[in-house]
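Participant:
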Amino acid sequence: MRGSAAAGLAAVLAALLLWGCSHPEAREISVLPIPAGERPDLGLGPGVHPLSFGPGYKGSPAWSPDGTRIAFTVDGYVVEKPAGAERAAWRATGEIGARRVEWLSGNSLAALDPDGKDLYLIGPGEDGLRARRVSERAVAFSPLPGSGEMIAALERGPSGSTLALSMGGQLVPYAGVRVPGRVTAISVSPDGRLALLASAPPAGGEGPEIYAFDLESRGLERVARLESGLKVLGAPQWTGRGIYFVAKTEAAPKRESPGLYGLYRIPPGSDRPELDPDVGRDFAASGIRVSPDGSRLAIIGRLHPNSPANLYVLDLRTGELRAATRNEGMEIKSGPEDLAWAPGGGSVAIVARGVFSGPRVEDAPAEALLREFYNLYEVPLPAGGEGG
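Structure, rendered in structure tokens:
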């Protein structure tokens, strides 16, 4: 990339990161527990309530733009329903191998089968939801906020990827844009100006890379190259404090090294990732998602490798880390796509199931069971953020 496109992207990067440059590089870790109360019935803390019931391997929660509906995947199907309704109100596609789903608009969703590289557009059908395949070589996608469209990464040979924009129900490639390596995940900044790409190197290549793509100028810039032996999990997240991402150490860690799963940050003006000091060196992260206004980061992780997984919220202005759940006998699903902010920022949807010591007999139909299967839960957040 060169010329005006390079200068334009550099200016956007600098402008979006300006307010984060004065943030201190290290601080005392502050974990603020949720308020004490009665023992929670669901094992996740006060105020948490279910968004789904019954059997099935559920994942990838996604809120509709107005927050009144929730979509998710279950056993390869895409399901959407009113946020407060039970199973009778579900609408579903056929089995399409979906592992990830996102809303594009009030009546439109997109879903990806990562194994088959099939990308689908989904809308209302005569009996449920209708899925239409728009690509057979998609490797990642992300909605574009407020536009009803999406950006997708398409496989191009063994060592490269291309980018495409959805327009009128079709994918239109960005001419002349090629991303080195295989794009593994995409996210779009809250203001819709930049797409962040995680790219895995071809066999025998160096470490994974993170790129920024300016959606207006169509300029592509490498933000950082990671050490060999790290694997980026999920999509990097754009914030005013820099770029956050979760990475797994694929090689056995040395005694003085951090754990296998770390929360990293690329500070403003730097190309060198660092373990984020606000969560602590022992913190094991697995999934992250920036809030709709960019002020907070939702994290599924563990304070220490042997502690239970919980949902945490990092305030990016103060560096305070707050526990949003109190896990008592639950297994919180830890995939990078298994959490989602409500549009107003007042709650986060997660996926969890109960942990039991042995077989159980329940005197209820399977459709009414909750903790026995992976189900979606809405976690309310304290007032003071978006929508609070």
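Just so you know, this note's numbering puts 1149 at position 248 of the sequence shown, and the rest follows in order with no gaps.
Cβ atoms here follow ideal geometry from the backbone N, Cα and C, with glycine treated the same way.
Report the option in T1150, S1036, P947, L1217 whose CA atom is closest to the CA atom of D1016.
Facilitator: Mapped onto the sequence shown, residue 1016 falls at position 115. Distances from the alpha-carbon of D1016 to those of T1150, S1036, P947, L1217 put S1036 closest.
Participant: With 16 other CB atoms within 10 Å as the buried threshold, where does N1211 fall?
Facilitator: What you label residue 1211 is simply residue 310 of the sequence shown in a count that begins at 1. Buried is the call here.
Participant: Report buried or exposed for A927, applying the criterion of at least 16 other Cβ atoms within 10 angstroms of its Cβ.
Facilitator: Here residue 927 refers to the residue found at position 26 when the sequence shown is read from its first residue. Residue placement at A927 cannot be trusted, given a pLDDT of 39 that sits under 50; the coordinates are not used to answer.
Participant: When you compare only the Cα positions, how much space is there between R1126 and L1066?
Facilitator: If you number the sequence shown from 1, residue 1126 lands on position 225. If you number the sequence shown from 1, residue 1066 lands on position 165. Rounded to whole angstroms, R1126 to L1066 spans 26 angstroms at the Cα level.
Participant: Mind checking G1202: buried by the 16 CB within 10 Å criterion, or exposed?
Facilitator: Here residue 1202 corresponds to residue number 301 of the sequence shown, with the count starting at 1. Result: buried.
Participant: How big is the Cα-Cα spacing for E1221 and G1070?
Facilitator: Translated into positions along the sequence shown, residue 1221 becomes position 320. Translated into positions along the sequence shown, residue 1070 becomes position 169. Roughly 42 angstroms between the two C-alpha positions.
Participant: If you draw a straight line from the alpha carbon of L1045 to that of S1006, how long is it in whole angstroms?
Facilitator: Within the sequence shown, residue 1045 is the residue found at index 144, counting from 1. Within the sequence shown, residue 1006 is the residue found at index 105, counting from 1. Whole-angstrom Cα-Cα distance: 10 angstroms.
Participant: Y1213 to R1079, Cα distance in whole Å?
Facilitator: Indexing the sequence shown from 1 puts residue 1213 at position 312. Indexing the sequence shown from 1 puts residue 1079 at position 178. In this structure, the alpha-carbon of Y1213 lies about 36 angstroms from that of R1079.
Participant: Let me know if A990 comes out buried or exposed under the rule of 16 or more other beta-carbons within 10 Å of its beta-carbon.
Facilitator: Translated into positions along the sequence shown, residue 990 becomes position 89. Under this definition A990 is an exposed residue.
Participant: By DSSP's criteria, A1101 is part of a beta bridge. Which residues make up the other side?
Facilitator: Against the sequence shown, residue 1101 aligns to sequence position 200. Answer is R1083.
Participant: Output the boundary residues of the beta strand (DSSP E) element that contains N1008.
Facilitator: As a working note, residue 1008 is residue 107 in the sequence shown. From DSSP, N1008 is part of no beta strand (DSSP E); its letter is neither H nor E.
Participant: Could you give the distance in angstroms between the alpha-carbon of K982 and the alpha-carbon of I1023?
Facilitator: Within the sequence shown, numbered from 1, the residue matching residue 982 stands at position 81. Within the sequence shown, numbered from 1, the residue matching residue 1023 stands at position 122. Distance between the alpha carbons of K982 and I1023: 14 angstroms.
Participant: Figure out for me which residue from P1025, A1086, P1081, G1093 has the closest Cα to the Cα of A1039.
Facilitator: Taking the sequence shown and counting its residues from 1, the one referred to as residue 1039 is at position 138. Nearest of P1025, A1086, P1081, G1093 to A1039, Cα basis: A1086.
Participant: What ranges does the beta strand (DSSP E) occupy inside the segment 1042 to 1095, keeping only unbroken runs of at least 3 residues that lie completely in it?
Facilitator: As far as the segment 1042 to 1095 is concerned, its whole beta strand (DSSP E) runs of at least 3 residues are 1050 to 1056, 1061 to 1068, 1071 to 1081, 1083 to 1089.
Participant: Whole-angstrom Cβ separation of G955 and F1274, contact assumed at under 8 angstroms?
Facilitator: The residue you call residue 955 lines up with position 54 of the sequence shown. The residue you call residue 1274 lines up with position 373 of the sequence shown. Indeed, because the Cβ distance is near 7 angstroms, the residues count as touching under 8 angstroms.
Participant: Sorted by chain position, which residues of the same chain lie with C-beta nearer than 7 angstroms to D1014's C-beta, five sequence neighbours on each side aside?
Facilitator: For the purposes of this step, residue 1014 is taken as the residue at position 113 of the sequence shown. So the list reads I997, G998, A999, R1000, once near-sequence residues are dropped.
Participant: Three or more C-beta pairs closer than 8 angstroms, one from the segment 1024 to 1035 and one from the segment 1087 to 1098: is that the case here?
Facilitator: Too few Cβ pairs lie closer than 8 angstroms, so no.
Participant: Apart from the five residues just before and just after G1230, which ones in its own chain have a Cβ nearer than 7 angstroms to its Cβ?
Facilitator: If you number the sequence shown from 1, residue 1230 lands on position 329. The beta carbon of G1230 sits closer than 7 angstroms to the beta carbons of G944, G1255, V1256 from its chain, once the five residues preceding and following it are set aside; these are given in chain order.
Participant: Please state whether DSSP places C922 in a helix, a strand or coil.
Facilitator: In the sequence shown, residue 922 corresponds to position 21, counting from 1. Residue confidence is low: C922 scores 42 on pLDDT, short of 50, so the model does not pin down where it sits. Its coordinate-derived value is still stated next. Taken through DSSP and simplified to helix, strand or coil, C922 comes out as coil.
Participant: Please classify P1169: is it buried, with 16 or more other beta-carbons within 10 angstroms of its beta-carbon, or exposed?
Facilitator: As a working mapping, residue 1169 is identified with position 268 in the sequence shown. Looking at its Cβ environment, which holds 16 or more other Cβ atoms inside 10 Å, P1169 is buried.
Participant: Can the beta-carbon of A1250 be found closer than 7 angstroms to that of P962?
Facilitator: Indexing the sequence shown from 1 puts residue 1250 at position 349. Indexing the sequence shown from 1 puts residue 962 at position 61. Result yes, Cβ atoms of A1250 and P962 sit closer than 7 angstroms.
Participant: Going by C-alpha to C-alpha distance, which of G1049, A1054, S1048, L1176 sits closest to F1042?
Facilitator: Along the sequence shown, read from residue 1 onward, the residue named residue 1042 stands at position 141. Comparing Cα positions, the closest option is A1054.
Participant: Does at least one heavy atom of the ligand SAM sit under 6 angstroms from the Cβ of L1072?
Facilitator: No copy of the ligand SAM occurs in the structure displayed, which carries no ligand at all.
Participant: Taking the alpha carbon of L1020 as the point to measure from, which residue in K1149, V979, G1026 has its own alpha carbon closest?
Facilitator: Along the sequence shown, one-based indexing puts residue 1020 at 119. When only C-alpha atoms are compared, the closest one is V979.
Participant: Less than 7 angstroms between C-beta atoms, sequence neighbours within five positions excluded: which residues of the same chain meet that for L952?
Facilitator: As a working mapping, residue 952 is identified with position 51 in the sequence shown. If we look at L952 and ignore the five residues flanking it on each side, its Cβ neighbours are I971, A984, A1250, L1277, Y1278, E1279.
Participant: Between the beta-carbon of G1082 and the beta-carbon of A1101, is there less than 7 angstroms?
Facilitator: Residue mapping note: residue 1082 aligns to position 181 of the sequence shown, counting from 1. Residue mapping note: residue 1101 aligns to position 200 of the sequence shown, counting from 1. In this structure, A1101 lies closer than 7 angstroms to G1082 by Cβ.
Participant: For A990, name the three-state secondary structure that DSSP assigns.
Facilitator: For the purposes of this step, residue 990 is identified with residue 89 of the sequence shown, where counting begins at 1. It is helical.
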